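Sequential numbering of the sequence shown, starting at 10, is according to full-length UniProt numbering.
Don't be surprised by glycine CBs; every beta carbon is placed ideally from N, CA and C.
Being a predicted model, the structure only gives us computed values, none of them experimental.
Before any comments, here is the structure.
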Amino acid sequence: GSVIGILGGGQLGRMLSVAASRLGYKTCIFEPGGDCPASHVANFHFKASYDDTEALARFAEAVDVITYEFENIPTSALDALDAVKPIRPGREALRVSQDRLVEKEFLEGLGLSVAPFADVPDGAALEAAIARIGTPAILKTRRFGYDGKGQARIMEPGDAAGALADMQGAPAILEGFVDFEREVSVIAARGVSGEVACFDPGENVHEGGILRTTTVPATLSTAQRTDAVLLAGRILNALDYVGVMGVELFVTPAGLVVNEIAPRVHNSGHWTQNGCVTDQFEQHIRAVAGLPLADGSRHADVVMENLIGDDMDRLPDLIADPKAGVHLYGKAEVKAGRKMGHVNRLVPRTS
Ligand code: ATP
Ligand code: MG
Ligand code: MG
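This is the structure we're talking about:
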């Protein structure tokens, strides 16, 4: 049997491992941490750092294809790996999504709408950026941000100095604030032969920069739904993409605005585990393993709720609820803001 290599040992790697094993594959994770969510379910674990090129080479030898659960993989590690085995999704998707400025320019180049943005390479550039973009705006580090980390809101020009301090000297971009009606995301997949399949768009609610719930179906017109799926396909095709991608969108009266893309399975796609015959994790494994994509159609309405920090106090009630699909990540320690698991609540499909 084939072995799927997965870079990263968090909850996404864990759920990818489970899906791979269901399809008869073995999995091998590469993750510096020891007791991580994926280590409990993967067949093999390379516990080494991303600058250990020798360990990376041995890992690549041990697997048939390499995928990942996070996009911030160092370029030097990618060089060591892709000399040996294919990395899917490919390098171009990583190059684009590792840097918010490159990503915005790429999306704009495809003719898609994005928030107004300006490069802020250093503190001296911020004043001119604010003059051009206006307020309210959000200053974001170009790299390494997630769950709203590395971001600061600038409600008025006077907030600039504080926001700049939050960047800790990292190169940033300034984004104009999009006055959206709602946030939705499309979980899209593309196979090695170029076929594209999308799951139904989900509607996302964030709290403190962290995803709180995803609801399907999203409140969207037929035209918006079609738009969302077509623009996701356009992004995947432009990158010659193989795998699952999360495309985050703002819904505005003027149309859909792309917030960001994630070249991996996505938190807002967790509802598919209970709402579809084939979930996003299996779809991703199918794509990177070169299998045909599955049908992603939805058989239920679902509300996915993340279990963050103290939400775990409610676990006994959730476990006792026969309608709740509970998914836990096996993290030893509960911490504020830490994603511990999620729950999918189902009702029969209404639309
Ligand atoms: P993720 O965990 O999804 O990777 P992230 O840290 O990369 O998050 P973003 O997706 O850029 O952060 O922003 C987090 C949330 O902040 C968005 O989902 C949205 O609610 C809000 N937000 C971000 N940028 C804008 C914007 N330009 N206008 C309005 N709201 C925004
Ligand atoms: Mg992000
Ligand atoms: Mg986001």
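Below 6 Å, is the gap between the Cβ of residue i and the nearest heavy atom of ligand 1?
{"i": "H351", "result": "no"}
{"i": "E269", "result": "yes"}
{"i": "H275", "result": "no"}
{"i": "H49", "result": "no"}
{"i": "V187", "result": "yes"}
{"i": "H279", "result": "no"}
{"i": "A124", "result": "yes"}
{"i": "G143", "result": "no"}
{"i": "I54", "result": "The sequence shown places His at residue 54, rather than the Ile named in the question. It does not: the Cβ of H54 is nowhere closer than 6 Å to a heavy atom of ligand 1."}
{"i": "G346", "result": "no"}
{"i": "E147", "result": "According to the sequence as given, residue 147 is Ile; it is not Glu. Yes, the Cβ of I147 comes within 6 Å of a heavy atom of ligand 1."}
Is residue i near ligand 3, judged by its Cβ being under 6 Å from some heavy atom?
{"i": "E184", "result": "no"}
{"i": "E257", "result": "yes"}
Could you check if residue i belongs to the surroundings of ligand 2, using beta carbon to heavy atom distance under 6 Å?
{"i": "A212", "result": "Strictly speaking, residue 212 in this sequence is Glu, with Ala absent from that position. Flag unset: Cβ of E212 not near ligand 2."}
{"i": "Y155", "result": "yes"}
So what does DSSP say about residue i, is it helix, strand or coil?
{"i": "V266", "result": "strand"}
{"i": "M321", "result": "helix"}
{"i": "V74", "result": "strand"}
{"i": "T150", "result": "strand"}
{"i": "F53", "result": "strand"}
{"i": "L183", "result": "strand"}
{"i": "N315", "result": "strand"}
{"i": "R358", "result": "coil"}
{"i": "F68", "result": "helix"}
{"i": "K35", "result": "strand"}
{"i": "G132", "result": "helix"}
{"i": "residue 3", "result": "Given that the chain is displayed from residue 10 to residue 360, the structure contains no residue 3 and the question cannot be resolved."}
{"i": "K113", "result": "helix"}
{"i": "A206", "result": "strand"}
Can you grab the Cα-Cα spacing for the pair residue i / residue j, in whole Å?
{"i": "G318", "j": "G350", "result": "9 Å"}
{"i": "V297", "j": "T228", "result": "31 Å"}
{"i": "P325", "j": "L258", "result": "34 Å"}
{"i": "G18", "j": "D249", "result": "26 Å"}
{"i": "L119", "j": "D322", "result": "45 Å"}
{"i": "E204", "j": "S48", "result": "32 Å"}
{"i": "D88", "j": "I139", "result": "38 Å"}
{"i": "A124", "j": "N268", "result": "7 Å"}
{"i": "S11", "j": "K35", "result": "6 Å"}
{"i": "Q233", "j": "G264", "result": "8 Å"}
{"i": "D91", "j": "S85", "result": "10 Å"}
{"i": "V72", "j": "A57", "result": "16 Å"}
{"i": "G22", "j": "G167", "result": "42 Å"}
{"i": "S230", "j": "L65", "result": "47 Å"}
{"i": "A309", "j": "Q160", "result": "35 Å"}
Using a threshold of 7 Å, state whether the C-beta atoms of residue i and residue j are closer than that.
{"i": "V74", "j": "P98", "result": "no"}
{"i": "A169", "j": "I163", "result": "yes"}
{"i": "L245", "j": "R199", "result": "yes"}
{"i": "G305", "j": "A206", "result": "yes"}
{"i": "P210", "j": "A102", "result": "no"}
{"i": "R354", "j": "V312", "result": "yes"}
{"i": "L183", "j": "R151", "result": "no"}
{"i": "P46", "j": "G278", "result": "no"}
{"i": "V356", "j": "A333", "result": "no"}
{"i": "V195", "j": "V266", "result": "no"}
{"i": "Q289", "j": "V253", "result": "yes"}
{"i": "F39", "j": "F53", "result": "no"}
{"i": "T62", "j": "I15", "result": "no"}
{"i": "V260", "j": "F189", "result": "yes"}
{"i": "A181", "j": "V129", "result": "yes"}
{"i": "V225", "j": "W280", "result": "yes"}
{"i": "N81", "j": "F153", "result": "yes"}
At what residues does the alpha helix (DSSP H) containing residue i begin and finish?
{"i": "F290", "result": "289 to 298"}
{"i": "R307", "result": "It is not in any alpha helix (DSSP H) - R307 carries neither H nor E in the DSSP assignment."}
{"i": "T84", "result": "84 to 91"}
{"i": "T281", "result": "281 to 284"}
{"i": "E136", "result": "135 to 142"}
{"i": "T231", "result": "231 to 247"}
{"i": "A102", "result": "100 to 106"}
What residue does the beta strand (DSSP E) around residue i start on, and which one ends it?
{"i": "R199", "result": "191 to 199"}
{"i": "Q160", "result": "160 to 163"}
{"i": "G255", "result": "252 to 261"}
{"i": "F126", "result": "126 to 129"}
{"i": "M176", "result": "Per DSSP, M176 belongs to no beta strand (DSSP E) and is neither H nor E."}
{"i": "L337", "result": "333 to 337"}
Within 7 Å (strictly less), CB to CB, does residue i reach chain D?
{"i": "E78", "result": "The question asks about chain D, but that chain is absent: this structure has only one protein chain."}
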